Amino acid sequence: MMQITETGEYSVLNRKLFSVAILLPLVLAILAGCSKYEPRPIDITKGEYYEGEEYQKLSDEDREQYCMDLARELERLQRESKEASERASTNKEDITRLTNELRDNRRLYSELSVQVEEYTKQLQQLASLPKQWTLKYGECLWNLAQYEEIYGDPLKWPRIWRSNYKMIEDPDWVLAGWTLKIPRNWPRKHVVEKDEWLAKIAGYWEIYDNYRKWPLIYEANRSKIEDPDLIFPDQEFVIPREESAIE
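Letter 183 of the sequence shown, counting from 1, is numbered 178 in the numbering used here, and no numbers are missing.
Structural data, given as structure tokens:
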């Protein structure tokens, strides 16, 4: 039998250790290659995607799931795009409508501005008109009413008379030095004078300038009027001023 010397045994052991040292990294490399690849977490809805190399390393299961996630995200984006397109179409119609309304409103504003300016001038002129007048020698109610700053119409002298009836007993007889009231508003009340009736009152130009509108006065004062053909001096009647009453 062949005997292995101590030196020979040591040599064989060294060869075994050397073989293990060479094979161990190879085995580790094989084992590492066989381990499962763990992909990095991503959020497709935030625009995160796998690069080409990362995608190739995905397992079949992860790759299938990734493709499904991509398909769902694509469907969501398409749906949102369609909704945005529909909103844009609706917004376009709204913008067109609002633009037309704005143009119409600007035109209306311009027209109203002109009217307001004209009314302002009229109010300023009205405010500057005399609210009373001291008669001069030779003046009478007729020529007083025809003054432009009074009424500009001599036929409107009765209103001056009616507003000063306590002073003027006879409208054909007035005296210089008398200070008369010049009414400027549309009366909302009327105190009945002698020899007046509803149609006559309605016919006054400062009331309705139309005697046929006497029923308006009657209806507004039925609690005071038992018989529309019978009214009395010093009765005070309301004069309705609805738009329909003064057309």
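Every residue gets a Cβ at the ideal spot worked out from N, C-alpha and C, and that includes glycine. Given the structure is predicted, the values throughout are model-derived calculations rather than measurements.
If residue i sits next to residue j, beta carbons under 8 Å apart, how far is it from one beta carbon to the other, in whole angstroms?
i      : j      : result
Gly172 : Thr129 : 7 Å
Ile177 : Gln141 : About 13 Å separates the two Cβ atoms, so there is no contact after all.
Tyr61  : Leu53  : 6 Å
Ala215 : Val233 : 5 Å
Asn138 : Pro149 : 7 Å
State the DSSP-derived secondary structure class of residue i, mapped to helix, strand or coil.
i      : result
Val111 : helix
Asp57  : helix
Leu244 : Within the shown structure, residues of the chain are numbered from -4 to 242, placing residue 244 beyond reach of any answer.
Ile25  : For Ile25, the pLDDT reaches just 49, beneath the cut-off of 50, and the residue's location in the model is therefore unreliable, although a value from the coordinates is still provided. Note: Ile25 maps to helix in three-state DSSP.
Asp64  : helix
Trp200 : coil
Lys161 : coil
Val15  : Because Val15 sits at a pLDDT of 49, beneath the cut-off of 50, its placement in the model cannot be relied upon, and the following sentence gives the value as read from the coordinates. In this structure, Val15 counts as helix in the three-state DSSP scheme.
Gly47  : helix
Gln73  : helix
Trp168 : coil
Glu81  : helix
Gln119 : helix
Tyr32  : coil
Could you tell me which residues DSSP puts in a beta bridge with residue i?
i      : result
Ala232 : First, the residue type needs correcting, since residue 232 is Phe and not Ala in the sequence shown. His185.
Thr174 : Thr129
Asp222 : Leu225
Relative to the C-alpha of residue i, which residue among the options is closest?
i      : options                           : result
Pro243 : Lys195, Arg154 and Thr174         : There is no way to answer for residue 243, as the model of the chain reaches only from -4 to 242.
Ile226 : Glu188, Pro235, Tyr206 and Lys208 : Glu188
Glu46  : Pro34, Ile234 and Asp64           : Pro34
Arg67  : Arg58, Ile90 and Ile39            : Ile39
Tyr213 : Ala194, Asn138, Ser158 and Ser54  : Ala194
Leu118 : Arg179, Arg207 and Thr85          : Arg179
Glu231 : Ile196, Gln120, Arg58 and Tyr114  : Ile196
Pro223 : Pro235, Trp200, Glu191 and Arg102 : Glu191
Arg236 : Ile220, Glu201 and Glu56          : Glu201
Pro228 : Tyr203, Lys208 and Tyr160         : Tyr160
Closer than 8 Å is the cut-off here; do at least three beta carbon pairs connect the stretch 124 to 141 with the stretch 155 to 174? yes
Taking 8 Å as the threshold, find out whether the stretch 143 to 161 comes into contact with the stretch 84 to 100 through three or more Cβ pairs. no
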